[in-house]
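Numbering (this note's numbering), first residue to last: 197 to 884.
Every residue gets a Cβ at the ideal spot worked out from N, C-alpha and C, and that includes glycine.
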Ligand SMILES: Nc1nc2c(c(=O)[nH]1)N[C@H]1C(S)=C(S)[C@@H](COP(=O)(O)OP(=O)(O)OC[C@H]3O[C@@H](n4cnc5c(=O)[nH]c(N)nc54)[C@H](O)[C@@H]3O)O[C@H]1N2
Ligand SMILES: Nc1nc2c(c(=O)[nH]1)N[C@H]1C(S)=C(S)[C@@H](COP(=O)(O)OP(=O)(O)OC[C@H]3O[C@@H](n4cnc5c(=O)[nH]c(N)nc54)[C@H](O)[C@@H]3O)O[C@H]1N2
Ligand code: SF4
Ligand SMILES: [Mo]
């Protein structure tokens, strides 16, 4: 539809979000553009989520909020004072510093931190070509998010990246959502896919989320007790003849090693550990066991001290019930880009990494940065470590080191950017072309340039092409144009259309019929079967089979701190949007009324939360949706915009999960006690 001289432009949201919504942009000369959902898109149905509706029409289009020129630090590190410089000067300075560091200490002295600020194919992958060529030390990106789950599923199924096709739900007997909260993290799946499912929906979550309320059954377990609950479900399935022995014999190894453990896990006994009434476990097992059923394995459940074992245990359900390889059955963690025939090694330029240094876990970033002789430079792009990473106080202190040359690439002057030597302005998804590959649906969407970037902001890819050139690198992969990458990706996807055609047509499902997970009955494990018992796991120091083990309840007087996704921010993105901020409200701690009363706390009082690494003052909000012994503080607040100068990660000691040195952020324990009041002015934090 044309409006004046300016037609609407269709594009796709590239956030780290299950939905990958179709978006429409209406440019308006002399006024702010309007950004809204694409009515023709079956996922968003014309409605963006509330956070993007605010931020895409707010801070993203606000020229005063966006970074528009490269900046060089003035004054002491962390004061947040900068001066604008040209791209030439910025690239020149970075190159000079990097060349000296590489000559003296090698590329490994450069730490490369990044994650999913944009999850579009080029913006997410392409800069890695530069870092692979440089030989930088990778801060293993997924360790801040979901690596324990990936590794666990690889043991069992050989892959974590080939999940069910949501379109197959029409053939399902039940959808089991375990440790995900789509009402915040996948809002359109909550509002449409789950709400409209023809079959019963079961949710396993310690919080009574909106998705749990909407479900037919909610198993409200104690955090970190999922493996015991999974074994109790397996017990009922086995006891009541709902397991598929023929499937197990044909497609799996090691079930016999698990049977005695399953037999021991009667629902009654499990209740003492999980808090879930046995009757609900029986009901859930019968609904799921009626199969074929879908199991959505969230990411929240694996951010636990035993997150790897939890995911391995939960992952037994589809195997034991034979809910795989047939319509309506399957599990989903994330759908990787390979299901669209895209090649991540090509995108990452993996062959440019001659002898990659051992990566470090995001959990170890603060301590690594304290090693002044080992790490001399830090790059942060697509990530806001001073808000998202653990050990917030220690990390910021380590980033203050004068000898640590720090380059931050972002759209906004984040807490992380405040600690940079050089800040580089990135263009947003509205300002350059790219390709979006949903990790829930097996779809592809074009990210289309609709607007000019503010000032001199550039796409991530162009920034790293310029740096590669200045460094004197010559490998052609480093200089491939976005246009060529897009053409190659679309050719690999085998959909036979150009980028312009994809852009015009909107989100596309390359396979017209629902994709059948593990249709050929082959599993990419060493045995080619589902490995209920895994020799690989054993060789890596884990048990051969999953274990019915749970975390102990919090020690006396302590509460388990959960800090999951908020509906008003996307991780820490939009934490600076005025509309999103006003809706999200203060950084509150939500407590069950009985836990609040036991501490003499009432709504609106200020509480002091304390862990072994930090303290946080937060107003109290009582809420019966929060179970006893849990404190809830949403992630996503910008530390420097808080009166306390910190967000919830100031309490996060960065403990690792059992697998993959991944985050155990939902396993933190805190004390909560009455405090006097919030400080009246922001604490003297970097850049405030
Ligand atoms: N307490 C607690 N902490 C958590 C979590 C939790 O549940 N609780 N969750 C963890 C999880 S799951 C994750 S994934 C991490 C996420 O942590 P981050 O990766 O830090 O989160 P984002 O807000 O997505 O930040 C990405 C940054 O990228 C920027 N950005 C957006 N687009 C572009 C672009 O095109 N180019 C560049 N250069 N930058 C861009 C955004 O402005 C933003 O500042 O946080 C983790 N931290
Ligand atoms: N609005 C919004 N959407 C987002 C994000 C965001 O920040 N905001 N972040 C994006 C990113 S990076 C990610 S990784 C995904 C994450 O999305 P999700 O997979 O939904 O993960 P979380 O929000 O961390 O937690 C989901 C649920 O897990 C529950 N949980 C915590 N501990 C346990 C446990 O021990 N067992 C069980 N069964 N459940 C537990 C929490 O109570 C929470 O309700 O969302 C993406 N989408
Ligand atoms: S963040 Fe997710 S729900 Fe919101 S517009 Fe983007 S894809 Fe849609
Ligand atoms: Mo994440």
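If distances are taken between C-alpha atoms only, which option among the options comes closest to residue i?
i: residue 646; options: 628, 634, 658; result: 628
i: residue 323; options: 553, 678, 717; result: 678
i: residue 429; options: 517, 284, 448, 327; result: 517
i: residue 811; options: 667, 231, 488, 867; result: 867
i: residue 496; options: 519, 529, 444; result: 529
i: residue 846; options: 259, 477, 827, 807; result: 807
i: residue 302; options: 573, 752, 625, 603; result: 573
i: residue 422; options: 443, 863, 635; result: 863
i: residue 705; options: 278, 692, 730, 603; result: 692
i: residue 667; options: 326, 265, 260; result: 326
i: residue 543; options: 308, 299, 684, 361; result: 684
i: residue 266; options: 622, 825, 708; result: 622
i: residue 334; options: 244, 575, 870, 734; result: 575
i: residue 718; options: 702, 520, 409, 241; result: 520
i: residue 205; options: 215, 456, 222; result: 222
i: residue 480; options: 802, 436, 503; result: 436
i: residue 539; options: 417, 871, 682, 290; result: 682
i: residue 472; options: 426, 577, 390, 729; result: 426
i: residue 151; options: 722, 773, 675, 534; result: Any answer about residue 151 is impossible in this case: the structure gives the chain only from 197 up to 884.
i: residue 278; options: 251, 603, 502; result: 603
i: residue 493; options: 275, 773, 349; result: 349
i: residue 456; options: 489, 744, 486; result: 744
i: residue 338; options: 849, 669, 793, 585; result: 585
i: residue 737; options: 855, 711, 624, 823; result: 855
So, is residue i buried or exposed, given that buried needs 16 or more other C-beta atoms within 10 angstroms?
i: residue 655; result: buried
i: residue 713; result: buried
i: residue 295; result: exposed
i: residue 547; result: exposed
i: residue 392; result: exposed
i: residue 409; result: exposed
i: residue 207; result: buried
i: residue 558; result: buried
i: residue 882; result: Because the pLDDT of residue 882 is 36, which lies under 50, any placement of that residue in the model is unreliable, and the question is left without a value.
Taking only the alpha-carbon atoms, compute the straight-line gap between residue i and residue j and give it to the nearest angstrom.
i: residue 454; j: residue 741; result: 7 Å
i: residue 865; j: residue 787; result: 14 Å
i: residue 316; j: residue 605; result: 16 Å
i: residue 380; j: residue 652; result: 34 Å
i: residue 766; j: residue 382; result: 11 Å
i: residue 433; j: residue 690; result: 42 Å
i: residue 475; j: residue 699; result: 51 Å
i: residue 209; j: residue 341; result: 20 Å
i: residue 200; j: residue 394; result: At residue 200, the pLDDT of 46 sits below 50, so the modelled position is not reliable; the number obtained from the coordinates is stated separately. Using only the alpha carbons, I get a separation of about 44 Å.
i: residue 260; j: residue 814; result: 29 Å
i: residue 253; j: residue 707; result: 33 Å
i: residue 562; j: residue 615; result: 14 Å
i: residue 886; j: residue 332; result: Not covered by the structure: residue 886. The range shown for the chain is 197 to 884.
i: residue 354; j: residue 729; result: 13 Å
i: residue 658; j: residue 213; result: 25 Å
i: residue 359; j: residue 514; result: 12 Å
i: residue 329; j: residue 389; result: 43 Å
i: residue 238; j: residue 536; result: 19 Å
i: residue 362; j: residue 635; result: 11 Å
i: residue 505; j: residue 431; result: 17 Å
Can you check whether the C-beta of residue i is within less than 9 Å of a C-beta belonging to chain D?
i: residue 371; result: Looking for chain D here will not work: only one protein chain is present.
Segment contact flag, the segment 833-840 with the segment 602-617, C-beta cutoff 8 Å, min 3 pairs: Taking one beta carbon from each stretch, the segment 833-840 and the segment 602-617 have 3 or more pairs nearer than 8 Å; the two touch.
Start-end ranges of the beta strand (DSSP E) lying completely within the segment 214-264, minimum 3 residues: When DSSP assignments are scanned along the segment 214-264, the uninterrupted stretches of beta strand (DSSP E) that are 3 or more residues long and fall wholly within it turn out to be 218-224, 227-233.
Cβ pair count under 8 Å reaching 3, the segment 390-399 against the segment 366-374: Yes, the segment 390-399 touches the segment 366-374.
Cβ pair count under 8 Å reaching 3, the segment 557-567 against the segment 585-593: Per the Cβ contact rule, the segment 557-567 is in contact with the segment 585-593 (3 or more Cβ pairs under 8 Å).
Inter-stretch contact at 8 Å, needing at least 3 Cβ pairs: the segment 658-665 / the segment 278-298: Yes: the two stretches touch, three or more of their Cβ pairs being nearer than 8 Å.
Meets three-Cβ-pair contact criterion under 8 Å: the segment 442-454 and the segment 523-538: They do not touch, by the three-pair rule.
Start-end ranges of the alpha helix (DSSP H) lying completely within the segment 489-540, minimum 4 residues: The alpha helix (DSSP H) runs of length 4 or more contained entirely in the segment 489-540 are, from start to end of the chain, 503-510, 512-516.
Every unbroken alpha helix (DSSP H) within the segment 384-455, with a cutoff of 4 residues, ordered by chain: Note on the segment 384-455: whole alpha helix (DSSP H) runs with a minimum of 4 residues are 406-410, 422-435, 441-447, in chain order.
Touching by the beta-carbon criterion (3+ pairs, under 8 Å), the segment 241-251 and the segment 629-642: Not touching, per the Cβ criterion.
Three-pair Cβ contact test at 8 Å for the segment 813-830 versus the segment 746-762: The segment 813-830 makes contact with the segment 746-762: 3 or more CB pairs, one atom from each, lie closer than 8 Å.
Segment contact flag, the segment 818-825 with the segment 458-470, C-beta cutoff 8 Å, min 3 pairs: The segment 818-825 is not in contact with the segment 458-470.
Contiguous beta strand (DSSP E) assignments of at least 3 residues, all confined to the segment 304-333: Within the segment 304-333, the complete beta strand (DSSP E) runs of at least 3 residues are 306-310.
The segment 786-806 / the segment 743-752 touching (three or more Cβ pairs under 8 Å): The segment 786-806 is not in contact with the segment 743-752.
Contained alpha helix (DSSP H) runs [length at least 4] in the segment 761-812, N- to C-terminal order: Qualifying alpha helix (DSSP H) stretches, in chain order: 774-780, 789-794.
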